[in-house]
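These protein sequence lines are chains A and B, in that order. First residue of the first sequence? That's 1 in this note's numbering, and the numbers climb one at a time after it. First residue of the second sequence? That's 1001 in this note's numbering, and the numbers climb one at a time after it.
There are 2 protein chains.
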Amino acid sequence: MRDRWRNSFSEWYAEQLDRAEILDVRYPVKGTYVWRPYGFRIRANVLKLIRQILDEAGHEEALFPLLIPEHEFAKEARHIAGFEDEVYWVTHGGRSELGVKLALRPTSETAMYPILALWIRSHADLPLKIYQVVNTFRYETKHTRPLIRMREITTFKEAHTAHASAEDAERQVQVAVECYRRFFDALGIPYIISRRPEWDKFPGAEYTIAFDTIFPDGRLLQIATVHNLGQNFSRTFEITFETPEGRQEYAYQTCYGISDRVIAALLALHGDDSGLCLMPEVAPLQVVVVPIWFKERKEEVDREAEAIVRELSCFRVHLDTRELRPGAKYYHWELRGVPLRVEIGPRDIENRQVTLVRRDTGERITVARSALRQEVERQLRSIGDALRERAWQEMRSMLREAGALEDIEKAVGERCVALAPWCGSKECDETIEAHAGVGVGGVMEAEPGRCVVCGRSTKHRGIVGRSY
Amino acid sequence: MRDRWRNSFSEWYAEQLDRAEILDVRYPVKGTYVWRPYGFRIRANVLKLIRQILDEAGHEEALFPLLIPEHEFAKEARHIAGFEDEVYWVTHGGRSELGVKLALRPTSETAMYPILALWIRSHADLPLKIYQVVNTFRYETKHTRPLIRMREITTFKEAHTAHASAEDAERQVQVAVECYRRFFDALGIPYIISRRPEWDKFPGAEYTIAFDTIFPDGRLLQIATVHNLGQNFSRTFEITFETPEGRQEYAYQTCYGISDRVIAALLALHGDDSGLCLMPEVAPLQVVVVPIWFKERKEEVDREAEAIVRELSCFRVHLDTRELRPGAKYYHWELRGVPLRVEIGPRDIENRQVTLVRRDTGERITVARSALRQEVERQLRSIGDALRERAWQEMRSMLREAGALEDIEKAVGERCVALAPWCGSKECDETIEAHAGVGVGGVMEAEPGRCVVCGRSTKHRGIVGRSY
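Here it is in structure tokens:
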């Protein structure tokens, strides 16, 4: 059942964060939240996955300071213009006023690049690929929302690379896109990859590629961005290298990041009216074993349940021995999204079998005891595939090809996202916004068509939808 | 050789952080530093170890916000008195002044406890044991030093527990001490466990237990603390629970923490004049394989080196194929502290053997090719044991029993730490300080003796030494 999930998504989402003990939203600073242990374990598994992907692609993890001196922060003019309204400033240490104001990083270009300028000397130091996972801060004036728009972004994974040529930087943009594809595919999060319009790119970038997903309420959520910085920052921060021919040249840079929003999407897209459905890949518990006790045979059932847990120890498995009715336990683990439940009672023992119950479909599967481990592995894989497939279908069902302005209006009005031929001009974007209430959020390559506003021929589709 | 290590420790330490690429100290905010990738991997391995120990002891990881509103921070009077001189304050968001000033956490009691008050309702919610690993901030006015005294403490692991009785909290203090013992033993870091004098305990605590180690320059370094908070904070933050009899009672709390100083000790205590000697437990690379090339047999050597790396894949192993002389490679990995080097050349292949070289002793060991994996495992264990043993001996050699004030003076003058019978009074501590330049840093239980100042009978030894 996904009625409430679909029709009252906002309430559903807030409710799950609370009931599944993901976050506590009662912390007394607006827009900042507490990760509870169960949520923290999901976060830890997601981070493990992205670290693995980045490490395999030749990145190294580092860690830069949080505090950025005002003079460094202000160096890149477009960059500061893009962030100055939302930067937190530390002005006092103890009882004294600081000589130099310190920004809490909203992102780390201006913290990292003065140091990269020291690390990079020659073409032999390139390419350089580092990343860090840190908390970053934005004084958001829009409505804050847990994991989606926060004043303390608790999980900001930002990668920064430097290259000896524009071509190599361009290739790295593709590598980054591939890393994120792999990451989102593993999490079963569907995405649209597009290029941001000029006026919406990262402050200081040449261009920005973005991953968006669509939430059940039809709103786009940006879940990753990849920026080609060209030589914009390297000129400002004097990041130069000696070429093999002995010339000094400015490095070519890229940067790309993801945040807590990935976890928001993971939780939001795979749920239903009974709660979360976690991807087996990152679920803190993949299997929960519930013993079905009958008075005189409790010991026998417990012994068998323990044997099952031992046998399933290659999975993240938990034996629930609390003094509660089985139904209460089912409910408890269902809303927390545990992918697979194993029930074991006297009758199962007699028949040398075990009952599996899938969280995603509710399907009950009777398995021969001897085939248990294999079947659990198969079912977990199948659940991952099914969740991924369902999420992609759901997203596709909210994407509408629009051939005219009215189609865009209609799509947005029906909580969908329109894909419309668009010439790329700001003027036509403004006309679209005047009609639909929102402008073009991203641009994709597509079959030739005619701009829905001016009729000029174009090979681009604009993505038009409400967004978070 | 440990001459320079011992006699110019301060320079030695700064040099290793740079040469082994642990930290970059050139970040333009005093007292904050950049973790470079190699250093970051040591840090990651240390964190993995402490997480494992805490998880096994029933703690759960969580994550609380960095920003603490002034009104919460100021609630516990002694606590704020202890920290107010070194708290950073955020006063502005964007261009506007904030209505409520926000402290950057110097430690998280005042961030966590309002929330624990919501989580804890009944005795069934207790004990509650959580921890987090975060960055914390102190506006240090003393001389800052990488990993030892920093304005951004990048690796602050703080655990917080709540209990239904004073006895249970007391037991938890012992559990925490045991966790840290295990942790420091695994890292080969020797320690002295003592109780801090009343005037030096954690602001707001009933009492504080501390772990100190001694650096090669004879200075004490506090590397962990465990605090019994009694009901001091629970009264302030209204953390109450319903007893089985239906009464409301304030919870009994403890908290305990470690920081980057653990990594400082790990690097400082196991080094020598050639650089770092990393404990195999946390070394980013445990084994480096260096092929010894002879022109005509390079391919053969490379094949064998690759086979060795495959065979050693259960360790953290690296094959160094750079176009450099073997000597340059030895030097490179020695200063980075890789515990074991494998050399493989044509003669080794002929003799079906491999040469191992230990970083700690420089010993060369010839091993039959067929016994390689077993021998590597044995040697890594032996290196860990040897480093631990050497560090304990070194620390013990700097501890002096002192029977009189002059003995203390002499010990401290000779860059050692004195253990002296002390009655516990502030007066006698002041006399000790007047003579030796430093007062009592910690108190241990010991055989009966007479206070070096007043002559009163006492079962306590005061620890007196210069400290960081």
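By construction, the Cβ of each residue, glycine as well, lies at the ideal position given by its N, Cα and C atoms.
(message) Taking the alpha-carbon of B:L1419 as reference, which of B:R1396, B:L1017, B:D1125 and B:L1356 has the nearest alpha-carbon?
(response) Start at 1 with the first residue of the second sequence, and residue 1419 of chain B comes out as number 419. If we check each option's Cα against that of B:L1419, B:R1396 comes out closest.
(request) Would you please verify whether the beta carbon of A:G93 is less than 8 Å from any beta carbon of chain B? (result) As a working note, residue 93 of chain A is residue 93 in the first sequence. Interface with chain B (8 Å Cβ-Cβ cutoff): A:G93 is included.
(request) Show which residues of chain B have a CB atom less than 9 Å away from the CB atom of A:W35. (result) As a first step, residue 35 of chain A is located in the first sequence; it is residue number 35 there, counting from the start. Within chain B, the residues whose beta carbon sits less than 9 Å from that of A:W35 are E1061, A1062, L1063, F1064 and Q1132, listed in sequence order.
(message) Taking the alpha carbon of A:Q286 as the reference point, which residue from A:R219, A:R358 and A:F237 has its own alpha carbon closest?
(response) Looking up residue 286 of chain A in the first sequence gives position 286. It is A:R358 whose Cα lies nearest to the Cα of A:Q286.
(request) Run the CB neighbour count on A:W199, radius 10 Å, all protein chains shown included, and call it buried at 16 or more, exposed below. (result) Indexing the first sequence from 1 puts residue 199 of chain A at position 199. Around the CB of A:W199, fewer than 16 other CB atoms lie within 10 Å, so the residue is classed as exposed.
(request) Leaving aside the five residues before and after A:I223 along the sequence, list all residues of the same chain whose C-beta is less than 6 Å from its C-beta, in chain order. (result) Indexing the first sequence from 1 puts residue 223 of chain A at position 223. Excluding its 5 nearest sequence neighbours in each direction, A:I223 has C-beta neighbours in its own chain below 6 Å: F211, T213, R261, V262 and A265, listed in chain order.
(request) Determine the closest residue to A:P244 out of A:S165, A:L267, A:L276 and A:S313, with distance taken between C-alpha atoms. (result) In the first sequence, residue 244 of chain A corresponds to position 244, counting from 1. Looking at A:S165, A:L267, A:L276 and A:S313, the one whose alpha-carbon comes closest to that of A:P244 is A:S165.
(request) Going by CA-CA distance only, name the one from A:K75, A:H79, A:I120 and A:L104 that's closest to B:W1089. (result) Locating residue 1089 of chain B in the second sequence gives position 89, counting from the first residue. Comparing Cα-Cα distances from B:W1089 to each of A:K75, A:H79, A:I120 and A:L104, the minimum goes to A:L104.
(message) Checking 8 Å against the spacing of the C-beta atoms, do B:R1400 and B:P1421 come in under that value?
(response) Start at 1 with the first residue of the second sequence, and residue 1400 of chain B comes out as number 400. Start at 1 with the first residue of the second sequence, and residue 1421 of chain B comes out as number 421. Taking 8 Å as the Cβ cut-off, B:R1400 and B:P1421 do not qualify as a contacting pair.
(request) Identify every residue that forms a DSSP beta bridge with B:Q1132. (result) Numbered from 1 along the second sequence, position 132 holds the residue referred to as residue 1132 of chain B. Looking at the DSSP assignment, B:Q1132 forms a beta bridge with B:E1158.
(request) Please report how far the alpha carbon of B:W1005 lies from the alpha carbon of B:C1416, in whole angstroms. (result) On the second sequence, position 5 is the one that residue 1005 of chain B refers to. On the second sequence, position 416 is the one that residue 1416 of chain B refers to. Using only the alpha carbons, I get a separation of about 16 Å.
(message) Let me see if you follow: with CB-CB separation under 8 Å, is A:L47 close to chain B or not?
(response) Residue numbering aside, residue 47 of chain A sits at position 47 when the first sequence is read from its first letter. False, the Cβ-Cβ gap to chain B never drops below 8 Å.
(message) Any beta carbon from chain A within less than 8 Å of B:L1380's own beta carbon?
(response) Within the second sequence, the letter at position 380 stands for residue 1380 of chain B. Answer no: the Cβ-Cβ gap between B:L1380 and chain A never drops below 8 Å.
(request) Look up A:R450 in the DSSP assignment and give the residues it is bridged to. (result) Walking along the first sequence from the start, residue 450 of chain A turns up at place 450. According to DSSP, A:R450 shares a beta bridge with A:S457.
(message) Here's the rule I'm using: 16 or more other beta-carbon atoms within 10 Å means buried, otherwise exposed. How should B:H1059 be labelled?
(response) The residue given as residue 1059 of chain B occupies position 59 in the second sequence. Buried is the label assigned to B:H1059, since at least 16 other Cβ atoms lie within 10 Å of its Cβ.
(request) Kindly indicate which three-state DSSP category B:W1119 falls into: helix, strand or coil? (result) Counting from one through the second sequence, the residue named residue 1119 of chain B turns up at place 119. DSSP places B:W1119 in the helix class (H, G or I) of the three-state scheme.
(request) Determine the contact status of A:I42 and A:F183, defining contact as a CB-CB distance below 8 Å. (result) Taking the first sequence and counting its residues from 1, the one referred to as residue 42 of chain A is at position 42. Taking the first sequence and counting its residues from 1, the one referred to as residue 183 of chain A is at position 183. No.
(request) Confirm, please, whether the CB-CB distance from B:R1341 to B:Y1330 is below 8 Å. (result) Position 330 of the second sequence, counting from 1, holds the residue named residue 1330 of chain B. Position 341 of the second sequence, counting from 1, holds the residue named residue 1341 of chain B. Yes. Within cutoff.
(request) Measuring only between beta-carbons, confirm whether B:D1212 sits less than 8 Å from chain A. (result) On the second sequence, residue 1212 of chain B is found 212 positions in, with the first residue counted as 1. Residue contact check for B:D1212 against chain A: no CB pair falls below 8 Å.
(message) Is B:P1114 close to chain A? Criterion is C-beta to C-beta, closer than 8 Å.
(response) On the second sequence, position 114 is the one that residue 1114 of chain B refers to. So, interface residue.
(message) Which residue marks the beginning of the alpha helix (DSSP H) containing A:Q231, and which one marks its end?
(response) Indexing the first sequence from 1 puts residue 231 of chain A at position 231. Unbroken run through A:Q231: none, as it is neither H nor E.
(request) Helix, strand or coil for B:G1039, going by three-state DSSP, please let me know. (result) Position 39 of the second sequence, counting from 1, holds the residue named residue 1039 of chain B. In the structure shown, B:G1039 sits in a helix (DSSP, three-state: H, G or I).
(message) My output table needs one value for B:Y1033: the three-state DSSP class, helix, strand or coil.
(response) Sequence index remark: in the second sequence, residue 1033 of chain B carries index 33 (1-based). If DSSP states are grouped into helix, strand and coil, B:Y1033 belongs with coil.
(request) Using a Cβ cut-off of 8 Å (strictly closer), state whether B:L1102 contacts chain A. (result) The residue labelled residue 1102 of chain B in the question sits at position 102 within the second sequence. Put simply, the CB of B:L1102 is near chain A, with a gap under 8 Å to one of its CB atoms.
(request) Might you give, ordered along the chain, the residues of its own chain that have their beta carbon closer than 8 Å to the beta carbon of B:I1120, omitting 5 neighbours on each side? (result) Taking the first residue of the second sequence as position 1, residue 1120 of chain B is located at position 120. Within its own chain, the residues whose Cβ lies closer than 8 Å to the Cβ of B:I1120, once the five positions on either side in sequence are excluded, are L1126, L1128, A1162, I1239, T1240, F1241 and A1251, listed in chain order.
(request) Report the residue ranges of all beta strand (DSSP E) runs contained in full by the stretch 44-93 of chain A; include only those spanning at least 3 residues, in chain order. (result) Within the stretch 44-93 of chain A, the complete beta strand (DSSP E) runs of at least 3 residues are 67-69 and 88-93.
(request) Identify which residue in A:P69, A:W35, A:V354 and A:G271 has its Cα closest to the Cα of B:G1031. (result) Counting from 1 along the second sequence, the entry for residue 1031 of chain B is found at position 31. Scanning A:P69, A:W35, A:V354 and A:G271 for the CA closest to the CA of B:G1031 turns up A:P69.
(request) Specify, as a first and last residue, the run of the alpha helix (DSSP H) that B:I1349 falls within. (result) Taking the second sequence and counting its residues from 1, the one referred to as residue 1349 of chain B is at position 349. Residues P1346 to E1350.
(message) Taking only three categories from DSSP, how would you classify A:R297?
(response) Position 297 of the first sequence, counting from 1, holds the residue named residue 297 of chain A. In the three-state reduction of the DSSP assignment, A:R297 falls in the helix class.
(request) Return the residues of the stretch 9-38 of chain A that lie within a Cβ-Cβ distance of less than 8 Å from chain B, sorted by chain order. (result) Answer set for the stretch 9-38 of chain A: D24, R26, Y27, P28, V29, T32, Y33, V34, W35, R36 and P37.
(request) Say whether the stretch 1355-1374 of chain B touches the stretch 1317-1324 of chain B, bearing in mind that this needs 3 or more beta-carbon pairs closer than 8 Å, one atom from each stretch. (result) Of all C-beta pairs linking the stretch 1355-1374 of chain B to the stretch 1317-1324 of chain B, fewer than three are shorter than 8 Å, placing the two stretches out of contact.
(message) Please list, in chain order, the chain A residues whose beta carbon lies closer than 7 Å to that of B:Y1139.
(response) As a position in the second sequence, residue 1139 of chain B is number 139, starting the count at 1. Those are G93 and G94, listed as they occur along chain A.
(request) Kindly say whether B:V1173, judged by its beta-carbon, lies nearer than 8 Å to any beta-carbon of chain A. (result) Within the second sequence, numbered from 1, the residue matching residue 1173 of chain B stands at position 173. So, not an interface residue.
(request) Would you mind stating whether A:N232 and A:E206 have Cβ atoms separated by less than 8 Å? (result) Taking the first sequence and counting its residues from 1, one reaches residue 232 of chain A at position 232. Taking the first sequence and counting its residues from 1, one reaches residue 206 of chain A at position 206. Against a cut-off of 8 Å, the Cβ pair of A:E206 and A:N232 comes out as a contact.
(message) I'd like to know whether the C-beta of B:Y1088 is nearer than 8 Å to at least one C-beta of chain A.
(response) Looking up residue 1088 of chain B in the second sequence gives position 88. So, interface residue.
(message) Does any residue of chain A have a CB that is nearer than 8 Å to the CB of B:F1040?
(response) The residue you call residue 1040 of chain B lines up with position 40 of the second sequence. So yes, B:F1040 belongs to the interface.
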